[in-house]
Every structure is written in structure tokens, then in C-alpha cells.
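The listed protein sequences correspond, in order, to chains A and B.
Numbered as in the numbering used here, the first sequence ends at 178 without a single skipped number.
Numbered as in the numbering used here, the second sequence ends at 922 without a single skipped number.
Quick reminder that beta carbons are idealized off the backbone N, C-alpha and C, glycines included.
These notes concern the structure reproduced below.
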Amino acid sequence: MASETHNAADAAASAPGMPQLDFSTFGNQIFWLMVTLVVIYFVLSRIALPRIAAVLAERQGTITNDLAAAEDLKVKATEAEEAYNKALADARAEAQTIIAQAKAEIQADLDDATAKADAEIAAKLVESEKKIAEIREGAMQSVKDVAKDTAKEIVAAMGGKADARTVTAAVNARMKG
Amino acid sequence: MATEAHSDEGGLVFHPMDQFIVKPLFGDGPVGMFTITNVTLWMALSVIAIIALMVMGTSGRSTIPGRVQSIGELAYGFIYKMVEDVAGKDAVGFFPYIMTLFMFIVFANFLGLLPAAFTTTSHIAVTAVLALLVFVTVTVVGFVKHGMGFLGLFWVSSAPLPLRPVLALIEVISYFVRPVSHSIRLMGNMMAGHAVMKVFAAFAPMILLSTGLGLLVTPLSVIAIAAIYGLEILVAFIQAYVFTILTCVYLKDALHPAH
């Protein structure tokens, strides 16, 4: 009780002034401040700051690595595109060669077949001409025979005696005519 | 306790400075050096908050950070870049030290903005120790790195010779004023904002006393509290930033004393 009244009086006395200038509390404040600062210093310098520094460094490293990897992948993609374009060009060229080759083969086959057909046609033509000639020969002969017979008959009908040789000669002469 | 002593007069109660009173957390004894006080509580809370953000938040060590880890990394990158840019690449060894100062001040400032909180950085005892730590560190580093050459910091060789002693005197004074301004800037900003908020808070219950005046004063004070609170959020960060960047600037002087 006594201490309380004393304290109240004390506070009342210091109330108009500044509690900041109450020197009796300085030792207490300074002591606890030093304790606080030492604790904060050790917590920060031993645990917090190295940890944050490590995290920041690791992040920087990760970012650098990722950028390098991205650069790598970009180069790879470019290479792949080049390879693809090259393969495409190669395939095109090959296709062109194959087409040309096929065309040439077909042309050769065609030429061959045409030549063969031409030869056959020519052979058939010769044969046909021969046959036609034969037929014509046969026809001539028949005409000659018919003409001779007819002439003989006519001569006989006219009352003459047809000399076979003369008739033949006359028919031949006429036929040539 | 003091609040009760005064409030029985009726009317508005103005005790804007009571929030800064250091008192024991348990019982009402005198404040000794090792007494567990509200200072202890709020400093411990800032330590817990820092551990939660910087240690627990980053425990995943994920390459793709989550929200908490992002904030931790942001704080790390912010202060690391500041040390590197302002104090130079050779000051990176001081980074954990400067990070400690920044994290403590920023968390003490923001925790102090919680309603009914105690703002440890609003006390000159605290900020003066912080500033003196910087001052001693910078001075020791300067002399260890450059020996007597560190005194070249005060000898402005680019000025005309007759002017140099005068300038040296001014430079020496400004050098020793540094910890004063360094500490009072932080403490003053934190104290003033909280005190102003408390004054407006004292005006807010005016409506309970007089309806006519209260209709005008009460909404205005509530709006003012909200506005000052927004400003204080800004100040809480900016003062931590200013304290840290000034530390970096002083450190640069120690590492590269040439003008």
C-alpha cells in the first residue's frame, strides 16, 4: 500500500514532464535494449541472413540455368528444323529421280513395243502384198483362161475352127494391151 | 495509476505522456536494472516478430517464395542494396549489424502503433544507445582502417587553406553532433506522433460532456486520430529508413574519409 502511494506520487510528479527524462529507468531500458539487440543480431547473422542469401543465390542459379537450358533447347529446335528441311529436300530430289527413271523406263518400253509392232506390221504387209500378188496372178490366169475359152467358143460359134495357139496369142496381146 | 489520480475532477483527461511511462510488468516495485518492465515486453515482442518474419517465414527456403518469405527477402534486399549503394561494397561486412538496427527500429515503431502499446523507440535512452553504438562503431572503424588518416575527414583539402581550420572546427562539431541528432530525430518523431494522437483521443469523449460542442469536436478528433495514425504509419517506416541510411552514410565516412 505504501509503495503504491509512493509510486502514484512518483508518476504524478513525472507526469507533467517527460517520462523519457526519468533517469531512474535508463539502466533498465539500456539493459533490455542490449539484450534485444544481441538476440536479434545473432538470430539474423547466424540463421536468417545466411538462409535468405542462400535462397536468393539458389534462385539466381536456377534462373541462369533455366535460361541456359532454354537457349540450348532453342538451338536444338533450330537444328531439328534444319534437319527436317534437309530431309524434305532430299526426299523431293529422290522422288524426282525416281519419277525421271520411271518415265525413261516407260519410254523405252513404249519404243520397244512400237518398234516390234512396226516390224510385225511390215512383215504382215509384205505377206499380204505377196498374197495379193498371188491372188492377182491367179485372177489374171483365170481371166486368161476364161478369155481363151470364151474366145474359142465365140470363134466356134462363128463357125470357125479356132487354133488354140492363135487364140492364146491374141488373148495375151489383148491382155497386155 | 496516475490517470486515476487525476480523473476524479471530471472533464477531459489529458495525459498524453503517460503512455511513455516505464513500469514493471508484475507488481508495482521500483524499476531496477533487471526488472521485467513494459520495455522488456515490447522489445521481446519485436524480437518474436523479427524471428517470425526472418526465420520462420523463410524456413521453407522455397525458390518460389510465399508471402512471408517475400517480405523477408524484400527487407534483406532493401537493406543490402542500401549498404552496398550508400556505404560501398567493402561495407557489406557490416550488413548484419545494420540489418539488426533496421529490423529492431522498424518493428519497435510498428508494434508501438498498436493500441495500448509501449513504443520503445520513443525513449531517448533507447535511441541514444542505438546512435552511440553507431557513433562508436564508425569512429573505431575509421581509426582502425585509416589510423590518423581518418582525421582527414575534418580537414577539407578542397577548400582554400585559410578556411580549412574554420571548416575543421565546424566538421568536428558536426561530427560530434551526429549521435545527438541521430537519436533525437527518431525519439522525437515517435514521441510527438503518439502524444498528438493521445491529445486527440482525449478530445474525443467531448460529446459525453457537452452535446453541442461535442457534435463538432468528437467527429473531428476521431477523423484527426485516423489521419495522424496514417501519418504515423508512414513516419514509423521513414524514421527506421532514415536511421539506417544515416548509419550507412556515417559508415561510408569511416571507410572512405576523403572528401
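Asked                                                                                                                                                                                   : Found
Rank B/V859, B/L883 and B/V862 by C-alpha distance to the C-alpha of B/I870 and give the top, closest one.                                                                              : B/L883
For A/A174, name the three-state secondary structure that DSSP assigns.                                                                                                                 : helix
Within the same chain, show all residues whose beta-carbon is closer than 6 Å to that of B/F866, passing over the 5 residues directly before and after it, in chain order.              : V880 and S884
Less than 7 Å between CB atoms is the rule here; does A/Q21 satisfy it with respect to chain B?                                                                                         : yes
Tell me the DSSP secondary structure of B/T700 in three-state form.                                                                                                                     : strand
For B/T877, collect the residues of the same chain with a Cβ closer than 6 Å to its Cβ; drop the 5 residues on either side in sequence, then sort them by chain order.                  : In the sequence as presented, Thr is not what sits at residue 877 of chain B; that position holds Gly. Cβ neighbours of B/G877 beyond the five flanking positions: M869 and I870.
Does the beta-carbon of B/G756 have 16 or more other beta-carbons within 10 angstroms, so that it is buried, or is it exposed?                                                          : exposed
I'd like to check one pair, B/V685 with B/T703: are the Cβ atoms closer than 7 Å?                                                                                                       : no
Rounded to a whole number of angstroms, what is the C-alpha to C-alpha distance between A/L22 and B/M766?                                                                               : 25 Å
Is it a yes or a no for the segment 780-796 of chain B touching the segment 22-31 of chain A, going by three-plus beta-carbon pairs under 8 Å?                                          : yes
Would you say B/F767 reaches chain A, if we count a Cβ-Cβ gap shorter than 7 Å as a contact?                                                                                            : yes
By the 10 Å Cβ neighbour count, where 16 or more other Cβ atoms means buried, how is A/M141 classified, buried or exposed?                                                              : exposed
Is there a C-beta anywhere in chain B that falls below 7 Å from the one on A/I64?                                                                                                       : no
Taking 7 Å as the CB-CB limit, is B/R724 close to chain A?                                                                                                                              : yes
Less than 8 Å between the CB atoms is what I'm expecting for A/L38 and B/T763, so what's the real figure, rounded?                                                                      : 6 Å
Assuming A/W33 is part of the alpha helix (DSSP H), what are its boundary residues?                                                                                                     : F27 to F43
Tell me which residue opens and which closes the alpha helix (DSSP H) that A/T79 is part of.                                                                                            : L50 to A158
B/I833 CB to nearest chain A CB: under 7 Å?                                                                                                                                             : no
So, is the C-beta of B/V718 closer than 7 Å to a C-beta in chain A?                                                                                                                     : yes
Output needed in chain order: residues of the segment 727-741 of chain B with a Cβ under 7 Å from some Cβ in chain A.                                                                   : G735, E736 and Y739
List, in chain order, every chain B residue whose beta-carbon is nearer than 7 Å to that of A/L57.                                                                                      : E736
Between B/M762 and chain A, is any beta-carbon pair separated by less than 7 Å?                                                                                                         : yes
Is any heavy atom of the ligand FAD found at a distance shorter than 6 Å from the C-beta of B/Y904?                                                                                     : Here there are no bound small molecules, and the ligand FAD is not part of this structure.
Please work out which residues of its chain come closer than 7 Å, Cβ to Cβ, to B/T874, disregarding the five sequence neighbours upstream and downstream, and give them in chain order. : none
Quick one: give me the first and last residue of the alpha helix (DSSP H) that B/M854 is part of.                                                                                       : R827 to F866
Would you mind reading off the limits of the alpha helix (DSSP H) that contains B/I908?                                                                                                 : T874 to L918
List, in order along the chain, the chain B residues whose C-beta lies closer than 7 Å to that of A/N29?                                                                                : V685, V694, G695, M696, T698, T700 and V702
Name the DSSP beta bridge partners of B/P687, please?                                                                                                                                   : B/T700
Within 7 Å (strictly less), CB to CB, does A/R60 reach chain B?                                                                                                                         : yes
Distance, Cα to Cα, B/D753 vs A/A81?                                                                                                                                                    : 49 Å
So B/M854 contacts chain A; which residues on that side make the cut at Cβ distance below 9 Å?                                                                                          : M19 and Q21
Check the C-beta distance from B/H857 over to B/Q682 and give it rounded, since I have them as a contact under 8 Å.                                                                     : 6 Å
Would you check if there are 3 or more beta carbon pairs closer than 8 Å linking the segment 797-812 of chain B to the segment 771-785 of chain B?                                      : no
Residues of chain B with a CB under 7 Å from the CB of A/A49: which are they?                                                                                                           : M717, V718 and T721
Thinking C-beta only, is A/P20 closer than 7 Å to B/M719?                                                                                                                               : no
What are the start and end residues of the alpha helix (DSSP H) that includes B/P728?                                                                                                   : Neither: B/P728 is in no alpha helix (DSSP H) and is coded neither H nor E.
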